[in-house]
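Residue numbers (the numbering used here): 44 to 453.
All C-beta atoms, glycine included, are put in the ideal place defined by N, C-alpha and C.
All of these numbers come straight from a predicted model, not from anything done at the bench.
What follows is one structure encoded as structure tokens, with my remarks underneath.
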Amino acid sequence: MTNQEEEGGMRILHVLFALDRAGPANVCSQLVRGLVRRGCAVEILSLREPDPGVAEALGVEVHHLDMRGPMDRGVARALEGHLRRSQPQIVHCHQVRADVYAAAAARRVGIPAIVSTIHAALLDDYGYTYGQPGGWGAYLWHRRSLRRQHDALVFVSDYARQQVQKHTLAPLCHPHTTVIHNGLEPELFAEALRLGPPPEIQRILDSGRPLLGCVGNLIRRKNVAAVIQAVGQLAQEGLFCDLVIVGSGPEERRLKRMTDDLGLQAQVHFLGYQRNVPAILAGLDIYIHPSLSEGCPLAVVEAMLMGRAIVASAAGGIPEIIEDGQTGLLSPPGQLGPLVQNLRRALVHEEYRRKLGAAAQSYALTHLTAQAMTESYLAAYRGLLGETSGNEDRPEAAPRIAPEETEPCR
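Written out as structure tokens, the structure reads:
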């Protein structure tokens, strides 16, 4: 039986807390489209009402429940009912509430294979790394489900996997883990390059200054303040550039106040949430990603597919997709001086900037596409179904943790 025939009979249910426009849902959407193209029967279940635009664009059946809060245990009965009716072979969970509630329901119903994608560095997401002990209990709750209810765990970067596997107090140990980097469909980015930047970006470009940009939620660990400070330092040196900040969040007011205090109102432009990020990226000379922690950031993958020069922090999984000096410039997370130095280098040397962008695009088109990601997930699915059915003729299961990686779990 060929892989295509085998996958044509594969029934997969993806469960998310919210089918929206955030990173995990975006990755899930890219994967779903790839699976459908490979002949899989795919449905999505969102634990709360999905974004209508996202749901309609997918072209698959999207169901939703009305989960009323993070601890709404009443959702368990509805999940079980849906699973008994749909009878998928694989339940693929995204985000903590799906990992906890959907996986437990799938186990009770007897679904053959349950898998979770861990979309972030969990300890950083829960705030434990940054000294917020309230996140510790949430991590332990999530960890318990991942260890007991899931047949396999997929991490979006090796950093995210190693962080929890090697934690000294409560390592997340599991016999089946693998790393699959996020991927996106390159066609959308090719179209954005063809059309060029939208009018609001073109007006900024009319200043004649190089244009920098960063994209993401305006939260503390995204460290957008460092970019504003860097633009201020470069201006003091006589190296002027414009900066567009795409996104919104709790840090927005503080960042705007910082911009005013530094006298950068004419150079720093807050664009808020934007649906068409590739169109914004089309106008950039340099994309900046200064985060303190990351899994495998989609914004960086987007910038790579657009062929932009990238200046980023070496946080989380970023060094796994960006080679310093070859496909981008990396600096230690949280250190302003090296970030400014890399920005200066990219701004001054235009030809080098172009080479960085071209090399990043070449790498992304080979390794970070939705097709490459889909093939990796299909291999993991086939391995899981082979193990759970006891069919030795099927491909090998998802890679097991090497002995040295399991040492902290003993």
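Three or more Cβ pairs closer than 8 Å define a contact, and the stretch 319 to 335 meets that threshold against the stretch 226 to 237.
Burial is judged here by how many other beta carbons sit within 10 angstroms of a residue's own beta carbon; threonine 220 has at least 16 and is buried. When C-beta atoms of the stretch 331 to 343 are compared with those of the stretch 240 to 259, three or more pairs fall below 8 Å, so the two segments count as touching. Counting C-beta pairs with one atom in each stretch, the stretch 78 to 87 and the stretch 110 to 124 have fewer than three that are closer than 8 Å, which means they do not touch. Relative to threonine 409, the option among Arg351, Pro229 and Val267 whose CA is nearest is Pro229. For threonine 302, the enclosing alpha helix (DSSP H) stretches over residues 295 to 304. Relative to the Cα of alanine 357, the nearest Cα in the group Pro381, Ala346 and Arg351 belongs to Pro381. For the pair leucine 59 and histidine 137, the CB atoms are nearer than the 8 Å cut-off.
Here DSSP, grouped into helix, strand and coil, assigns threonine 221 to strand. Straight across, the Cα-Cα distance linking methionine 53 with leucine 108 is about 24 Å.
Alanine 403 and glycine 371 do touch by the CB rule: their CB atoms are close to 6 Å apart, below 8 Å. The straight-line gap separating the alpha-carbon atoms of cysteine 216 and proline 176 is approximately 21 Å. The beta-carbon separation of alanine 407 and methionine 347, rounded to 4 Å, stays under the 8 Å limit for a contact. Taking 8 Å as the cut-off, the Cβ atoms of aspartate 194 and valine 152 do not count as close. Secondary structure note for cysteine 71: its alpha helix (DSSP H) is the uninterrupted segment 66 to 80. In this structure glutamine 130 is exposed. Its beta-carbon is surrounded by fewer than 16 other beta-carbon atoms within 10 angstroms. In the DSSP assignment, valine 274 falls within the unbroken alpha helix (DSSP H) covering 267 to 279.
Comparing C-alpha distances from serine 200 to each of Gln384, Ile365 and Arg388 shows the shortest one belongs to Ile365. Minimum Cα-Cα distance from isoleucine 154 among the listed residues Val97, Glu123 and Gly178 corresponds to Glu123. A straight-line Cα-Cα distance of about 9 Å links proline 67 and alanine 163. An exposed status is given to tyrosine 316, since fewer than 16 other beta-carbon atoms sit within 10 Å of its beta-carbon. The continuous beta strand (DSSP E) containing glutamate 104 extends over residues 104 to 107. Excluding the 5 residues flanking it on each side, serine 419 has same chain C-beta neighbours closer than 7 Å at Ile223, in chain order.
The criterion of a C-beta distance shorter than 8 Å is not satisfied by alanine 413 and leucine 165. Leucine 183 is positioned such that its CB atom lies no closer than 8 Å to that of alanine 145.
For serine 188, the three-state secondary structure derived from DSSP is helix. Within the same chain, and ignoring the five residues on either side of valine 207 in sequence, the residues whose Cβ sits closer than 6 Å to its Cβ are Leu165 and Leu215. Straight-line spacing of the CA atoms in arginine 388 and leucine 282 works out to 11 Å. Non-local C-beta neighbours of glutamine 310 in its own chain, meaning closer than 8 Å and more than five positions away in sequence, comprise Arg252, Val274, Ala278, Phe283, Cys284, Asp285 and Leu286, ordered along the chain.
Between glycine 292 and leucine 314, the C-beta spacing is not below 8 Å. Of Arg397, Ala141 and Ile361, the smallest CA-CA separation from arginine 351 is found for Arg397. Within the same chain, and ignoring the five residues on either side of leucine 78 in sequence, the residues whose Cβ sits closer than 7 Å to its Cβ are Ile55, Val85 and Thr417. In the DSSP assignment, the residues bridged to serine 159 are Cys136 and Leu196.
Between glutamate 92 and the set Gly102, Ala61 and Arg80, the nearest pair of CA atoms involves Ala61. Within the DSSP bridge table, the entry for alanine 84 names Arg54 as partners. Listed in chain order, the alpha helix (DSSP H) elements of length 4 or more contained wholly in the stretch 342 to 378 are 361 to 364.
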